[in-house]
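Here the sequence shown is numbered in full-length UniProt numbering, starting from 1 and rising by one per residue. Below is one structure, written out as structure tokens; the observations come after it.
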Amino acid sequence: MARVLVVDDAAFMRMLLKKILTQGGHQVVGEASNGKEAVQKYQELKPDVVTMDIVMPEMDGITAVREIKKIDPNAKIIMITAVGQESKVMEALKAGASGYIVKPFQAPKVLEEINRVLSS
1 MARVLVVDDA AFMRMLLKKI LTQGGHQVVG EASNGKEAVQ KYQELKPDVV
51 TMDIVMPEMD GITAVREIKK IDPNAKIIMI TAVGQESKVM EALKAGASGY
101 IVKPFQAPKV LEEINRVLSS
């Protein structure tokens, strides 16, 4: 079981991810609606893994990945991306993200990626 921080500016997406993760046996320890909040929550909660939307107000997901990696070089962050954002995904992976999930996502794929990242 992993402690997860869910980061997305859409409340609906956070709710959906939370449901998938809890049904998969994981614990959602916190939520954030932008990158700035994500960095603060990461420091506060020290989750095992973060799901991070790329496009968000205030601070985007890629910048948030860089900031979190400065705090914790071993942070495990999975990007949540829409189809057609391949260049952003590559940028996020270069910034230190551990993997990614493409929206609209399927529960088995989300859990598979969480487990893959946790065991790597």
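The beta-carbon is built from N, C-alpha and C at its ideal position, and this holds for glycine as well.
Annotation: the continuous beta strand (DSSP E) that includes Met-52 extends over 49–53.
Contact annotation: Val-65 and Ala-92 have beta-carbon atoms nearer than 8 Å. Collapsing the DSSP output to three states places Ala-38 in a helix. For Gly-61, the enclosing alpha helix (DSSP H) stretches over residues 61–71. Here Ile-54 is near Lys-88, since their CB atoms are less than 8 Å apart. Counting only residues of its own chain and dropping the five nearest sequence neighbours on each side, Ala-97 has a CB closer than 6 Å to the CB of Val-65, Ile-77, Met-79. Nearest to Thr-81 by alpha-carbon distance, out of Glu-44, Tyr-42, Ala-2, Asp-8, is Asp-8.
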